[in-house]
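Single-structure report; data block below.
Chains as they are written, first to last, in UniProt numbering: chain A, 1 to 386; chain B, 1 to 481.
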């Protein structure tokens, strides 16, 4: 039964409906599918990633996917659904459980002509009993020392066109070793490009751009967004669709305060903006999309307009993405700031497991609302209470 | 629903095959009912309508190993009726014979794995040896290159001692591994070196001037002066840039081999590393992947006894490195690393196997690091000088090979001195030239970080140039702007 279903699921935009149906059966509780009835212009992030992989693999025979459980199991999060059937085991490789191994092997394959996509599984409920949880830590040597530096060290003789992708940051109830955001880590290393999609359009456009890019790209997804549905334009569904790397997107225009965010936090920032609007504060929400290169121009133009800035991220505060954005604004638009920059981030502690503590350790919509109000002097600034 | 079923099938197979396995081993003492009435398998079976039927319906979607575990389970029932001593277990990966003897496999075999050699200590071919013929032309190039390598090392080492380059690392004692392995390959075979294999580049036509340009980090260096000395790399010679981090090249080699296999190219990948490198996780990951993925790659371990100051006795307890290949399911051989003919034959044969049969090969070459680890090391502090001298004089691979070509009447003292004079002259000339060539220009700081320079680097370069223009006297005159 499943086999038949899988064959039908050609993982393209045209088959989004079948895919959606099968997913609904698999995960009836998935909240992202609730609006399924009007699915023609809606797509989950999962389907967006899947279709992007499919289209790029179809367009370029040098592209291949490698990781744990990406083939037979169709990906720990079903991102690679249908790809093994379509492209065969030579291009959808199930690997032994050694992140450092397949990261290194991916780098080697990229050295010599192939364009690997390396999937990191950070966590999977159904796998929990069988295998220990894992993440990309052990592979970081190959990402930093080999992938990021080879082009420079070889003076352009060896470029490394590959994509490292997988869920990043906090999910739900998975504790300290599966909840960390690595955006700031990877983004601090020259030679890497770091992308983090929010919506389905982001996921499609950025992943396709990452695969086509000649440099190594770290592509940070969010587990909780996989099942979310977003409206997608006809343009974004076209197989030629691609988003520019290094360009942020203004998700919502505003004039009183700028809120920068990436990944899941964009959704929170948008919700915060709704609440702020009711209180008469017009917030501009910037979806960073690209953490490195960072779109300093868009951020600074916005701050020069609103004169106030709130940065939002799920990662740790120290040396984080918010710190970098803050520096960029202080360097380029210091004279335009009417208030201290507010930085909303994850708590400076390893992620606790208990749900109540976990909630307190990551930014919530109300934290963003409060931060924006402080920046607008509609609440007591933190500096004044210190 | 469908997905759930799939997952459950896997879980059940896993549990059942384990239970089945335990049941088999202990069947004489355990009641039959234990296996039959195991609560987990019962519970799982109830949750599944018919797992076996499911398999039959979608065989293509299940990996072979999982299918086999079901067979193990089925067979366990039937085997209960037979004599335990005669049985085999049909287990994932192949049949396993049962034994009633409680015995652990020995950690160290009674006899160490033999070492293949062709030339005896006097450079004469050992009667009855199997080896690949080397013709006069190749033999003479092998010898000339070994001598050149030895002399290049000596002169660069001296240059470092004179403070003309910051760092150097010699290959002394390991000339045969360098040159003979290179000779057995073709230029299409990709090399992923560690750092003690410049001889492979030399064999492939990298000139002494090119070596000098890299060591002196000048404008002509293919690495644009970005890496410390001896980190050579050359695209046209299919020699990937040397990496300082130990063993990272080994998984890279496997990845590149996978590329070659996908391209159906008539070539393989060869990667080198030392005995110390085999302790890195990368070594193990790479061997395992190569075996699982049937990658055409030759792993050459230069077991030279020392990882800087760490002797192999502190590095591993196994019989060297060769035995590890077998553990990963890789065909392996131990070779006398100071016997150029043995190395040539082993690598030549390994190459044929790797390409024709699409499989990895492990070669452990036993040799000795006659030089210090690098110019940052004094090895007499941790190993006896007599040991070094014995290897340098009595077991020198270059001398041994020379005896063989002389016994063939292909070589004599006169040609020898001509060669040495010529190499010395070329080396001194190369160093002089390399020192005079301009240093890399300012632009080279900024390029190649990405394929296209990002805006922040473009901006920084512009600022730097403006600053230099404003304060020319404060900027070194020998660096081109």
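Cβ coordinates follow ideal geometry from the N, Cα and C atoms, glycine included.
(request) Label residue 202 (chain A) either buried or exposed according to how many other C-beta atoms from any shown protein chain fall within 10 Å of its C-beta, with 16 as the threshold for buried. (result) buried
(message) Determine whether the beta carbon atoms of residue 289 (chain A) and residue 195 (chain A) lie at a separation below 8 angstroms.
(response) yes
(request) Please classify residue 349 (chain A): is it buried, with 16 or more other beta-carbons within 10 angstroms of its beta-carbon, or exposed? (result) exposed
(request) Give the interface partners of residue 166 (chain B) over in chain A, defined as CB-CB distance under 8 angstroms, in chain order. (result) The contacting residues do not exist; residue 166 (chain B) stays about 16 angstroms from chain A at best.
(message) What does the Cβ neighbour count give for residue 307 (chain B), buried or exposed, with the cut at 16 atoms within 10 Å?
(response) buried
(message) If you reduce the DSSP assignment to three classes, tell me which class residue 5 (chain B) lands in.
(response) Bear in mind that the predicted position of residue 5 (chain B) carries a pLDDT of just 38, short of 50, making it unreliable; the figure below should be weighed with that in mind. Correct three-state label for residue 5 (chain B): helix.
(request) Could you spell out the range, first to last residue, of the beta strand (DSSP E) harbouring residue 55 (chain A)? (result) Premise fails: residue 55 (chain A) lies in the alpha helix (DSSP H), 45 to 59, not in any beta strand (DSSP E).
(request) State whether the region 335 to 344 of chain A contacts the region 309 to 323 of chain A, with contact taken as three or more CB pairs (one from each stretch) at a distance under 8 angstroms. (result) yes
(request) Check each candidate in A:369, A:108, A:65 and name the one with the smallest Cα separation from residue 211 (chain A). (result) A:65
(message) Using only the alpha-carbon positions, how far apart do residue 335 (chain B) and residue 363 (chain B) sit?
(response) 7 angstroms
(request) Could you say which of B:304, B:303, B:287, B:305 lies nearest to residue 297 (chain B) if we only look at CA atoms? (result) B:287
(message) Can you tell me where the alpha helix (DSSP H) holding residue 89 (chain B) begins and where it ends?
(response) Counting along the chain, residue 89 (chain B) falls outside any alpha helix (DSSP H), though it belongs to the beta strand (DSSP E) covering 88 to 91.
(request) Grab me the residues of residue 361 (chain A)'s own chain with a C-beta within less than 7 angstroms of its C-beta, minus the 5 sequence neighbours each way, in chain order. (result) 346, 347, 349, 351, 352
(message) One question on the structure: do residue 266 (chain A) and residue 287 (chain A) come within less than 8 angstroms of each other, judged by their Cβ atoms?
(response) yes
(request) Measure the alpha-carbon distance for residue 68 (chain B) versus residue 96 (chain B) and round it to whole angstroms. (result) With a pLDDT of 39 at residue 68 (chain B), under the threshold of 50, the modelled position of this residue cannot be trusted; read the value that follows with caution. So the two alpha carbons sit approximately 13 angstroms from each other.
(request) Identify each residue in the region 422 to 443 of chain B for which the Cβ-Cβ distance to at least one residue of chain A is less than 8 angstroms, and report them in chain order. (result) none
(message) Using C-beta distances below 8 angstroms, list every residue in its chain close to residue 329 (chain B), excluding the 5 sequence neighbours before and after it, in chain order.
(response) 291
(request) On the DSSP bridge assignment, give the partners of residue 260 (chain A) in chain order. (result) A:286, A:311
(message) Please state the DSSP three-state secondary structure of residue 195 (chain B).
(response) coil
(request) Jot down the residue ranges of each uninterrupted alpha helix (DSSP H) in the region 192 to 251 of chain A, minimum 4 residues, whole runs only, in chain order. (result) 200 to 212, 234 to 237
(request) Could you tell me which chain A residues have their CB closer than 7 angstroms to the CB of residue 190 (chain B), listed as they occur along the chain? (result) 112
(request) Establish whether the CB of residue 30 (chain A) and some CB of chain B are separated by less than 8 angstroms. (result) Residue placement at residue 30 (chain A) is flagged as unreliable, the pLDDT there being 40, under the threshold of 50; the coordinate-derived value follows with that caveat. No, residue 30 (chain A) lies away from the interface with chain B (no Cβ there is under 8 angstroms from its Cβ).
(message) Could you check whether residue 132 (chain B) and residue 367 (chain B) sit closer than 8 angstroms to each other, using their CB atoms as the reference points?
(response) no
(request) Find the residues of chain B that neighbour residue 109 (chain A), judging by a C-beta separation of less than 8 angstroms, and give them in chain order. (result) 255, 256, 258, 259
(request) Report buried or exposed for residue 50 (chain B), applying the criterion of at least 16 other Cβ atoms within 10 angstroms of its Cβ. (result) Residue confidence for residue 50 (chain B) is low, a pLDDT of 41 falling below 50, so the modelled location carries little weight; the figure read from the coordinates is stated next. The residue is exposed, with fewer than 16 neighbouring Cβ atoms inside 10 Å.
(message) Using beta carbons (cut-off 8 angstroms, strictly below), is residue 448 (chain B) in contact with chain A?
(response) yes
(request) Have a look at residue 291 (chain A) and residue 43 (chain A) and give me their C-alpha separation to the nearest angstrom. (result) 24 angstroms
(request) With a 10 Å radius around its C-beta and 16 neighbouring C-beta atoms as the bar for buried, classify residue 370 (chain B) as buried or exposed. (result) buried
(message) In whole angstroms, give me the CA-to-CA distance for residue 86 (chain A) and residue 119 (chain A).
(response) 18 angstroms
(request) Flag this pair as yes or no: are the beta carbons of residue 211 (chain B) and residue 95 (chain A) separated by less than 8 angstroms? (result) no
(request) Taking the CB atoms as reference points, tell me whether residue 272 (chain A) and residue 283 (chain A) lie closer together than 8 angstroms. (result) yes
(message) Using the Cβ count rule (16 or more neighbours within 10 Å means buried), how would you classify residue 473 (chain B)?
(response) exposed
(request) Tell me, please, which residues DSSP counts as bridged to residue 310 (chain B). (result) B:307
(request) Consult DSSP for residue 382 (chain B) and reduce its assignment to one of helix, strand or coil. (result) coil
(message) Does any residue of chain A have a CB that is nearer than 8 angstroms to the CB of residue 460 (chain B)?
(response) no
(message) Between the alpha carbons of residue 194 (chain B) and residue 156 (chain B), how many angstroms are there, rounded?
(response) 19 angstroms
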